[in-house]
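Residue numbers (our numbering): 39 to 603. Ideal Cβ positions, reconstructed from N, Cα and C, are used throughout, including at glycine. Since we're looking at a predicted model, the values are computed, not measured. Take a look at the structure below.
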């Protein structure tokens, strides 16, 4: 008996397409005027041709084994994020922002009621749940326009006027975090800046510098200076003082922020490919059109903490005395301590420091950097705040922070940990209409927020979205006002770690003040024996003259030696 080779079931779909094609051709021969038969021929011809191509192509094993029907797998994979987002994920599942968080932003941006019926949806018995203690005597505040003054710190010890901020800025406690034109569309920048103007808060330019779109509505700007020195660079990428001065002294620019690193990809740098360097982007950044735009991973204007402090003083002087500081994500503790020792050695202090958490976002970052590089905001903020207290410099320097700040409680909690103000990027993107499609790096943003495609940008109507940006800011601060009143306080800056409670287990809760590091004023100026281990271990390794750790070398303490194992 001859052996019968069974027809593989995985080819069934392809076979049915071929059979359908043959059947439709037969109908065409019998009834050439039957238009449905011609449609069938066209459809099954395409499917049969696809099947033949699948069997011959070398790239996808699935399509070779499952011609035609194998494409269903790629279709389902393509729509999986949307299906999960709309039908599967819970309201409280943060990936990276939960549906509840996004819905709250949308409601506040649209001016819709954000009250919630029937009680909280959070599990208040789970470890990590936090709340703010309320008072039996709540306060009554006149408004929610909470502000802080950045700059105008006391005269430094050496009396150098170049080290003094002469144009302090009264800032809102909630502002737009750094997002560059190029990463965001022109319409997004226009709407953000108009919203900032309407609401009286600040708009950080991001390291892409000040574009023409930032200037249209005249909203307050924080000019971020990155390692590429965009907007103030020479042709070789080094810092250009004259170009900096021309931009920095613009009345619209209120503060100067040196970007050392960002939370989403600290220590990485970046490249904007040549095809994306449009005339508009090139004009803003001061780079050639159609040439790769490189952001180095480190600055060329300084290489030691002491040089960095002199650079801060230089920018403050060139800007006409505007508040000047820096932003960074905490990495090696001895590098941060070296910066603090440089402040002590030179007498130069920044007017502000912005701490960016590793949970911060960006248009695109390597997965390993997003997931495993840099300190989360809580740890970074606590170390910066406590270090400045420990060397008696906290009163001279304001601290901002950024990373997943969405709600008024987020703002209150960060202030309890030591922040003077908070920035938000993705929250204001959602106010613009971002749906967390996570396609920022593709240029195919469905809402026109993170694309340079002129047609996609048109979907973002600037006046409407600007109003939503203003509404989101106003509603968030109104909610913050209610929290401050409930706690019996007069300003968010009065919130401390004593006001926040964290659940440790089913049967134990603790004040945040009993869980986090707290350093006494001036404690780091003396013996470190009683201090937290991070200070005992890393403070002796820090040097104002090098970002490298100091270790015991053949001739004593030497900066630059590799750390001992």
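Could you pull the start and end residues of the beta strand (DSSP E) that residue i belongs to?
i           : result
residue 541 : 538-543
residue 292 : 291-297
residue 576 : Run containing residue 576: none in the beta strand (DSSP E); it sits in the alpha helix (DSSP H), 571-576.
residue 138 : Not the beta strand (DSSP E): residue 138 falls in the alpha helix (DSSP H), residues 137-148.
residue 259 : 259-263
residue 214 : 212-214
residue 366 : 362-366
residue 308 : 308-310
Report all residues from its chain with a CB closer than 6 angstroms to the CB of residue i; omit the five preceding and five following residues, and keep chain order.
i           : result
residue 104 : 48
residue 208 : 185 and 187
residue 340 : 346 and 349
residue 425 : 378
residue 353 : 294 and 362
residue 267 : 277
residue 260 : 240, 242, 293 and 295
residue 593 : Any reading at residue 593 is ruled out, since the residue's pLDDT is 48, under 50, leaving its predicted position unreliable.
Whole-angstrom Cβ separation of residue i and residue j, contact assumed at under 8 angstroms?
i           : j           : result
residue 172 : residue 524 : 4 angstroms
residue 226 : residue 506 : 12 angstroms between Cβ atoms; not a contact.
residue 59  : residue 83  : 6 angstroms
residue 233 : residue 504 : 4 angstroms
residue 324 : residue 281 : 7 angstroms
residue 380 : residue 343 : 4 angstroms
Grab me the residues of residue i's own chain with a C-beta within less than 7 angstroms of its C-beta, minus the 5 sequence neighbours each way, in chain order.
i           : result
residue 473 : 484 and 485
residue 264 : 245, 297 and 333
residue 256 : 235 and 290
residue 482 : 489
residue 62  : 75, 78, 79 and 82
At which residues does the alpha helix (DSSP H) containing residue i begin and terminate?
i           : result
residue 280 : 279-286
residue 493 : 492-495
residue 394 : Careful: residue 394 lies outside any alpha helix (DSSP H), inside the beta strand (DSSP E) at 390-394.
residue 457 : Unbroken run through residue 457: none, as it is neither H nor E.
residue 178 : Segment: none, residue 178 is in no alpha helix (DSSP H) and carries neither H nor E.
residue 583 : It is not in any alpha helix (DSSP H) - residue 583 carries neither H nor E in the DSSP assignment.
residue 427 : 415-428
residue 352 : 343-356
residue 379 : 371-384
So is residue i buried or exposed if we call it buried at 16+ other beta carbons inside 10 Å?
i           : result
residue 435 : buried
residue 538 : buried
residue 175 : exposed
residue 588 : buried
residue 517 : buried
residue 95  : exposed
residue 125 : exposed
residue 522 : buried
residue 547 : exposed
residue 571 : exposed
residue 371 : buried
residue 458 : buried
residue 120 : exposed
Rounded to the nearest angstrom, what separates residue i and residue j at their Cα positions?
i           : j           : result
residue 383 : residue 557 : 21 angstroms
residue 303 : residue 410 : 9 angstroms
residue 168 : residue 541 : 6 angstroms
residue 244 : residue 81  : 50 angstroms
residue 89  : residue 407 : 41 angstroms
residue 144 : residue 468 : 7 angstroms
residue 367 : residue 316 : 30 angstroms
residue 71  : residue 65  : 10 angstroms
residue 441 : residue 108 : 41 angstroms
residue 361 : residue 574 : 32 angstroms
residue 68  : residue 112 : 38 angstroms
residue 142 : residue 272 : 45 angstroms
residue 50  : residue 477 : 36 angstroms
residue 597 : residue 582 : Confidence at residue 597 is low in this model, with a pLDDT of 49, below 50, so its placement is unreliable and the value that follows should be read with caution. Straight-line Cα distance between these residues: approximately 9 angstroms.
residue 231 : residue 385 : 35 angstroms
residue 328 : residue 311 : 8 angstroms
residue 237 : residue 305 : 34 angstroms
residue 600 : residue 374 : Legend: pLDDT at residue 600 = 36, less than 50; position of this residue unreliable, value from coordinates given subsequently. So the two alpha carbons sit approximately 17 angstroms from each other.
residue 222 : residue 387 : 32 angstroms
residue 463 : residue 520 : 23 angstroms
residue 253 : residue 470 : 19 angstroms
residue 414 : residue 421 : 11 angstroms
residue 480 : residue 561 : 50 angstroms
residue 391 : residue 155 : 40 angstroms
residue 136 : residue 127 : 8 angstroms
residue 153 : residue 399 : 28 angstroms
Suppose the cutoff is 8 angstroms on Cβ atoms and the five residues either side in sequence are ignored; what does the same chain contact list for residue i look like?
i           : result
residue 326 : 315 and 320
residue 163 : 541 and 544
residue 529 : 184 and 522
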